[in-house]
Amino acid sequence: MLIRKFDRSQLESEPHSVLFKDLYPWEAIDETPFGASLAVVEPGGKTMIHHHNPCETFLICQGQGTMTCNGESSAVASGDVIYLPPQSEHFLSNDSASDPLMFLSVFWDGKEPQQEALSDGPRLYVPSPPTPNGGLHLGHLSGPYLLADVLKRFDRQRGGAAGWMLVSDDHQSYTALRAHFDKKTPTETAVQFSGEILALLQALDATPDGVIQPGQNPDYAKAIAASLEQLQLPLTESPAWHCGHCDIPLYDGYARGHCPHCESPCRGFLCETCCMPNTPATLQDVHCLLCDKPAQPKATAQRIFSLEPYKEALAEYHQSLRLSPRLRALAARFLELEDLQVHATHPANWGLETSDGQRISPWFELSLAAPLLSAGNEPIHCFGADNAFLYLMLDPAVSLALQPDRPLPSALHGNEYLMLDEQKMSTSRGHILEAGPMLQRYGSDLVRLLLAGLRPEISDTQCNAEMAEGFLQQRIIGPWQDWLEAVGRRITTESGSKTPQADDDWGSEQEEFLDRLESLRKRCQAAYERGRLQEVAGCLQELVDQSATFALGQQPLEGLPDRTTALALDLAAVRLLAQLSAPLMPKFATQLWKHLGQTHKLDWPAQVELLNPGQRVLAAAGLSGRRYFPAG
Numbered sequence: 000m001l002i003r004k005f006d007r008s009q010l011e012s013e014p015h016s017v018l019f020k021d022l023y024p025w026e027a028i029d030e031t032p033f034g035a036s037l038a039v040v041e042p043g044g045k046t047m048i049h050h051h052n053p054c055e056t057f058l059i060c061q062g063q064g065t066m067t068c069n070g071e072s073s074a075v076a077s078g079d080v081i082y083l084p085p086q087s088e089h090f091l092s093n094d095s096a097s098d099p100l101m102f103l104s105v106f107w108d109g110k111e112p113q114q115e116a117l118s119d120g121p122r123l124y125v126p127s128p129p130t131p132n133g134g135l136h137l138g139h140l141s142g143p144y145l146l147a148d149v150l151k152r153f154d155r156q157r158g159g160a161a162g163w164m165l166v167s168d169d170h171q172s173y174t175a176l177r178a179h180f181d182k183k184t185p186t187e188t189a190v191q192f193s194g195e196i197l198a199l200l201q202a203l204d205a206t207p208d209g210v211i212q213p214g215q216n217p218d219y220a221k222a223i224a225a226s227l228e229q230l231q232l233p234l235t236e237s238p239a240w241h242c243g244h245c246d247i248p249l250y251d252g253y254a255r256g257h258c259p260h261c262e263s264p265c266r267g268f269l270c271e272t273c274c275m276p277n278t279p280a281t282l283q284d285v286h287c288l289l290c291d292k293p294a295q296p297k298a299t300a301q302r303i304f305s306l307e308p309y310k311e312a313l314a315e316y317h318q319s320l321r322l323s324p325r326l327r328a329l330a331a332r333f334l335e336l337e338d339l340q341v342h343a344t345h346p347a348n349w350g351l352e353t354s355d356g357q358r359i360s361p362w363f364e365l366s367l368a369a370p371l372l373s374a375g376n377e378p379i380h381c382f383g384a385d386n387a388f389l390y391l392m393l394d395p396a397v398s399l400a401l402q403p404d405r406p407l408p409s410a411l412h413g414n415e416y417l418m419l420d421e422q423k424m425s426t427s428r429g430h431i432l433e434a435g436p437m438l439q440r441y442g443s444d445l446v447r448l449l450l451a452g453l454r455p456e457i458s459d460t461q462c463n464a465e466m467a468e469g470f471l472q473q474r475i476i477g478p479w480q481d482w483l484e485a486v487g488r489r490i491t492t493e494s495g496s497k498t499p500q501a502d503d504d505w506g507s508e509q510e511e512f513l514d515r516l517e518s519l520r521k522r523c524q525a526a527y528e529r530g531r532l533q534e535v536a537g538c539l540q541e542l543v544d545q546s547a548t549f550a551l552g553q554q555p556l557e558g559l560p561d562r563t564t565a566l567a568l569d570l571a572a573v574r575l576l577a578q579l580s581a582p583l584m585p586k587f588a589t590q591l592w593k594h595l596g597q598t599h600k601l602d603w604p605a606q607v608e609l610l611n612p613g614q615r616v617l618a619a620a621g622l623s624g625r626r627y628f629p630a631g
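Going by numbering that gives the first Met the number 0, the letters in the sequence shown line up with residues 0 to 631, in that order.
Here's what the structure looks like:
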């Protein structure tokens, strides 16, 4: 029997008032198939937010607190056992003001995540349609649009067929409202801002592979009308609102009221606060947006689509999807709504018109368009949480009604909000961070990396101009540039600008560094496959940080045989950075690939590989002599 004793003074510390001690591996015994640590979280402290490949179990030995895993939080106390799957983002906080929280962590290697298989049919990423009532701001870009482009590039880098389609939401009420204030026609406004949106996406290196502007596309209008006719929805007398002072129908953005579910201020069909839908009959305290006078009820004949017959199929569909906890919770709330109906047409002065003079609701129009856009492709949707009802409920229900045998979208990627000064960014309210000036100053690659790092995937993310500047200047431009230039100088001066031959005998630190690179490769691939750009950005930063630290530690080997292995690993890390960053930072990755002397296609790595010995590296003209990023 072996007994290992230690007291509190032997515990090591980490940030946020946490003390710990590794228990296993234990050099006194043979290697165990698991590792273990004992940790104490001081009152008010918390463990660092992190994730890793090993599976992990926490056993709470003393105290109580809150365990948060992938955005879900639960109270825990002495005696509780918590399982944390591989790659889950988690932390444990001690909520007590006086008592410590002690827990035992046991971790082990689980099965390696399998690479997601690419389908036979081409993937079509379809982000939520932008409303052409203004340009795209950083909140828009950090959500559906950057993700659609990055995932398309990732699929293509692995040899798959993929593209992304942009559909402009021309017929939204907000387009007509902007036209009213600008004293233009809605068509003029839609054309103007659709052009600006496309120009900004091009500047971001996120040009869509196809574009549909409904207001300028007669074939689209005919197809939508035919799909609506196929549903054979009868005209029904239904509640609506009217402004007697302005003599206009109050629909969507024209109606200012309060959400019937959370009582927050609400404009339009979907509440931005709780993401629940409403109808003219349920929207509360309705006023006209233009004159702020109370609305008057005015029943009109409208076509109504009921989701009730499709609830069972929708529940099965939700179960088949990999959804974030937020989307899964919203899906459950949507299914609990009784007598769930959506207005297919409504009284309006703008939008697609039917043969009998009805105007198609823009929300329903997009649901009618969804199966048309995905014909022959595997559709995957990217959207903000405020549009969750459309993609979880309305779009699939309409698709089932029109073509019950057509497969529904195989994946849904939702995001929360990028907040500015604690509020959601909004074009209609003028509360935004503009993307144009930042793109002009820093270029597309750095802005794409910034947006990935800020992407609100699990919860709302705070951002402001100072935060963005600090991140780019302090975390990326300086450290990345310094590391790449240092690698270039070493290869130029010590290896004659050629890839060195690694020595047969590797040091333990060199083997461990290669293992860390391989672990980062796997983590980054899994993050791309799950659409987790924030984790991708973290992997890229970690790759640069760890590589720079490794190079510093290997410096004393200069002139010794082990030095060639260190230089070969330097270049392997640069090569891996080019491959992993290519979907997110295409110009930077392509430039880096060229400077490494690589002539074949920039592919996705199946494993970390050293460059071929003796290969000419353009270090003098590239790594050590070229700024990859603007100084800002």
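Don't be surprised by glycine CBs; every beta carbon is placed ideally from N, CA and C.
Computed from a predicted model, the values in this text were never measured in an experiment.
- Around the beta carbon of E456, 16 or more other beta carbons lie within 10 angstroms, which makes this residue buried.
- Each residue's CA atom was taken as its position, placing A96 and G43 some 6 Å apart.
- Counting along the chain, Y82 sits inside the beta strand (DSSP E) bounded by residues 80-83.
- Classified as exposed, K600 has fewer than 16 neighbouring CB atoms from the shown chains inside 10 Å of its CB.
- The continuous alpha helix (DSSP H) containing A526 extends over residues 507-529.
- Put simply, of R122, D459, C265, L91 the residue whose alpha carbon is nearest the alpha carbon of D208 is R122.
- In this structure, the straight-line span from the alpha carbon of E195 to that of D385 is close to 23 Å.
- One thing to note: D204 has its Cβ within 7 Å of the Cβ of S443.
- By the neighbour-count definition (other C-beta atoms within 10 Å, threshold 16), N348 is an exposed residue.
- In the DSSP annotation of this structure, the continuous segment of the beta strand (DSSP E) that includes A254 starts and ends at 254-257.
- Scanning its chain for C-beta atoms nearer than 6 Å, with the 5 sequence neighbours on each side dropped, one finds around R177 the residues N132, T188, in chain order.
- Across the set W603, L389, L610, the C-alpha of L389 shows the shortest separation from the C-alpha of L269.
- By the C-beta criterion, the region 444-454 is judged to be in contact with the region 125-144, since at least 3 inter-stretch pairs fall below 8 Å.
- If you keep only unbroken beta strand (DSSP E) runs of at least 3 residues inside the region 184-254, you get 209-211, 234-237, 240-242, 247-249.
- Separation of the CB atoms of I59 and V40 is rounded to 10 Å, and the pair is thereby denied contact status at 8 Å.
- For Q533, the secondary structure class from DSSP, reduced to helix, strand or coil, is helix.
- A direct Cα-Cα distance of roughly 16 Å separates K292 from L282.
- A contact between stretches requires three or more CB pairs, one per stretch, nearer than 8 Å, and the region 252-261 fails this requirement with the region 388-403.
- Here DSSP, grouped into helix, strand and coil, assigns S167 to coil.
- Here the alpha carbon of R488 sits roughly 46 Å from the alpha carbon of L103.
- Annotation for S580: L539, F587, A588 place their beta carbon closer than 7 Å to its own, counting only its chain and skipping 5 residues before and after.
- Between Q578 and P604, the gap from beta carbon to beta carbon is short of 7 Å.
- Counting C-beta pairs with one atom in each stretch, the region 312-329 and the region 352-363 have fewer than three that are closer than 8 Å, which means they do not touch.
- Distance check between E337 and each of L329, A343, K310 places K310 closest, using alpha-carbon atoms only.
- Excluding residues up to 5 positions away in sequence, L566 lie with their Cβ nearer than 7 Å to the Cβ of S494 in the same chain.
- For T184, the CB contacts under 8 Å within the same chain, skipping 5 residues up- and downstream, are A178 in chain order.
- The closest CA to that of V341, considering only A198, G267, M466, is found on G267.
- Proximity of the region 452-467 to the region 405-416 meets the contact definition, three or more beta-carbon pairs being nearer than 8 Å.
- Three or more beta-carbon pairs drawn from the region 454-474 and the region 432-441 are found closer than 8 Å, and the two stretches are therefore classed as touching.
- About 4 Å separates the beta carbons of T344 and R302, which is inside the 8 Å limit, making them a contact pair.
- Residues of the same chain with a CB within less than 7 Å of the CB of P129, apart from the 5 flanking positions on each side, are L135, H139, S167, D168, I196 in chain order.
- Note that the C-beta distance between A298 and E236 is below 7 Å.
- In the structure shown, the three-state DSSP call for V446 is helix.
- Just so you know, the alpha carbons of V105 and F19 end up roughly 13 Å apart.
- Counting along the chain, M418 sits inside the beta strand (DSSP E) bounded by residues 417-419.
- Exposed is the label assigned to L234, since fewer than 16 other Cβ atoms lie within 10 Å of its Cβ.
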